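> Structure below; questions to follow.
Chains as they are written, first to last, in the numbering used here: chain A, 301 to 451; chain B, 301 to 451; chain C, 301 to 451.
Below is the structure:
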């Protein structure tokens, strides 16, 4: 049993930019040679969030419309009244969707469904440079350079 | 420290069918003799989700009514316009509720509250056969047949 | 790799009382000398939940207003009709927000963002005494009293 942590860097457009990070998480698991265990993806931010969805333009549009309805940027927010940065809706949406996601790894692969992708949703009101955390806990094929270095 | 993975099979009615899977998860933990650690329950699907709730008909009805209000199947969805399968609301609801849940195991039992059950919510628009993942990471009573076989 | 479990006790006012538990979770990690791994915070209750948010009065007020809009305590709930305890909205809100949160630990610290705090939200309709679970799985500095006692 080992713990390994990787980061995923991405530049987003903000404003509900939905990005498929499944390949990047899969790469991290493969690179660390995990065979079984858990991958936790975490967004270290209060204006972005993670979930899974079928990553196609229709579902993405439906998710964005939903948030525009229940947490519209044009209404009043106490956060904006106090701080004036105009992203009160971003904070609310991020708290509702949540910053972390844990996915089982079995036989070296995440147990995602066929039409299920891991998405990062940048809810801030401007483009952002983001660093996500991918942490794996479990069994790895120990005959790797990384594992030997860290043994 | 070991990792073990089990599956839970269930047939649902779809359309917001809410199913109490607490006994099935407890059985998996007992069968694998876990004493301490984490159980992650994961739904490998983009039209279903997991949460905890007091599993009684009133709470279940309230949850279903909520989703009918905020993501009604009769309104327009971009997913439906593109793919014609009529389950755009299912995808949206599943993304909002989330596919994974991690519950601590202490002294061989999950630390659930007295009135708190783990529920699988099938949000698709038709009956489905589902396979959920239960993955446990932690300490187990190693004097078991399964553990020795997997040692 | 070890597993350690701690509890956080707190008295809340209920009614959407939002409490910053980041210092208490950090203390648990430091006390157990975890250097790498996962911290899962879990609320063993069906009328409370966990998420992360920028913990300032504006964001807290926006979150509370949101829940008052989508799950107002004054409307009818099937849970209340059946049980008469008046907290149907609490159960619904808790199921939507979710009871568990997993945060990576790297170099002895949680990978939270600068403006991101872990909050416990008590959604019940009365003051409550709560016990939350903090479970850590990963690597710890084993030269500690706790670790030696539990070895």
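We put the beta carbon where it would ideally sit given N, CA and C, even for glycine.
The model shown is predicted, which means the values in this text are computed figures rather than measured ones.
Shorter than 9 Å from the beta carbon of residue 410(A) to some beta carbon of chain C?
On the first chain, position 110 is the one that residue 410(A) refers to. Answer no: the Cβ-Cβ gap between residue 410(A) and chain C never drops below 9 Å.
> Of all the options 394(B), 354(B), 417(B), 346(B), which has the alpha carbon lying nearest to the alpha carbon of residue 453(A)?
Residue 453(A) lies beyond the stretch modelled for chain A, which goes from 301 to 451, so this question has no answer here.
> Does the Cβ of residue 324(A) have 16 or more other Cβ atoms within 10 Å, making it buried, or fewer, making it exposed?
Within the first chain, numbered from 1, the residue matching residue 324(A) stands at position 24. Burial call: buried.
> Distance, Cα to Cα, residue 352(B) vs residue 320(C)?
Counting from one through the second chain, the residue named residue 352(B) turns up at place 52. Counting from one through the third chain, the residue named residue 320(C) turns up at place 20. Approximately 22 Å, taken between the alpha carbons.
> Would you mind working out which of 359(A), 358(A), 340(A) sits nearest residue 350(A), comparing C-alpha positions?
Looking up residue 350(A) in the first chain gives position 50. The option with the nearest alpha carbon to residue 350(A) is 340(A).
> Closer than 9 Å, CB to CB, is residue 353(A) near chain C or not?
Taking the first chain and counting its residues from 1, the one referred to as residue 353(A) is at position 53. Not one chain C Cβ lies under 9 Å of residue 353(A).
> Return the CA-CA distance between residue 405(B) and residue 441(A), expressed in angstroms with no decimal places.
Reading the second chain from its first residue, position 105 is the one you call residue 405(B). Reading the first chain from its first residue, position 141 is the one you call residue 441(A). If you take the alpha carbons of residue 405(B) and residue 441(A), they lie about 26 Å apart.
> When burial is assigned at 16 or more other CB atoms within 10 Å of the CB, is residue 328(B) buried or exposed?
Indexing the second chain from 1 puts residue 328(B) at position 28. That one is buried.
> From what residue to what residue does the beta strand (DSSP E) around residue 337(A) run?
If you number the first chain from 1, residue 337(A) lands on position 37. Residues 334-342.
> Apply the 10 Å Cβ neighbour rule to residue 427(B) and answer buried if 16 or more other Cβ atoms are within range, or exposed otherwise.
The residue you call residue 427(B) lines up with position 127 of the second chain. Exposed, since its Cβ has fewer than 16 Cβ neighbours within 10 Å.
> Mind listing the chain A neighbours of residue 303(B)? Cutoff is C-beta to C-beta under 7 Å, in chain order.
For the purposes of this step, residue 303(B) is identified with residue 3 of the second chain, where counting begins at 1. Per Cβ cutoff of 7 Å: 336, 337, 438, 439.
> Tell me which residue opens and which closes the beta strand (DSSP E) that residue 440(A) is part of.
One-based indexing of the first chain puts residue 440(A) at position 140. Here the beta strand (DSSP E) through residue 440(A) covers 428-440.
> In whole angstroms, what is the alpha-carbon distance linking residue 398(C) and residue 399(B)?
Counting from one through the third chain, the residue named residue 398(C) turns up at place 98. Counting from one through the second chain, the residue named residue 399(B) turns up at place 99. The alpha-carbon atoms of residue 398(C) and residue 399(B) are separated by roughly 11 Å.
> Please confirm if residue 416(A) has its CB atom under 9 Å from at least one CB of chain C.
For the purposes of this step, residue 416(A) is taken as residue 116 along the first chain, with counting starting at 1. No, residue 416(A) does not count as interfacial toward chain C.
> Roughly how many angstroms separate the alpha carbons of residue 309(A) and residue 429(A), rounded to a whole number?
As a position in the first chain, residue 309(A) is number 9, starting the count at 1. As a position in the first chain, residue 429(A) is number 129, starting the count at 1. Their backbone Cα atoms lie some 7 Å apart in a straight line.
> Have a look at 316(A), 343(A), 392(A) and flag the residue whose alpha-carbon is nearest the alpha-carbon of residue 363(C).
On the third chain, residue 363(C) is found 63 positions in, with the first residue counted as 1. Per the Cα distances, 392(A).
> Does residue 421(A) have its Cβ less than 9 Å from a Cβ in chain C?
For the purposes of this step, residue 421(A) is taken as residue 121 along the first chain, with counting starting at 1. No, residue 421(A) lies away from the interface with chain C (no Cβ there is under 9 Å from its Cβ).
> Give the DSSP bridge partners of residue 373(B), in chain order.
Counting from one through the second chain, the residue named residue 373(B) turns up at place 73. None; residue 373(B) has no bridge partner.
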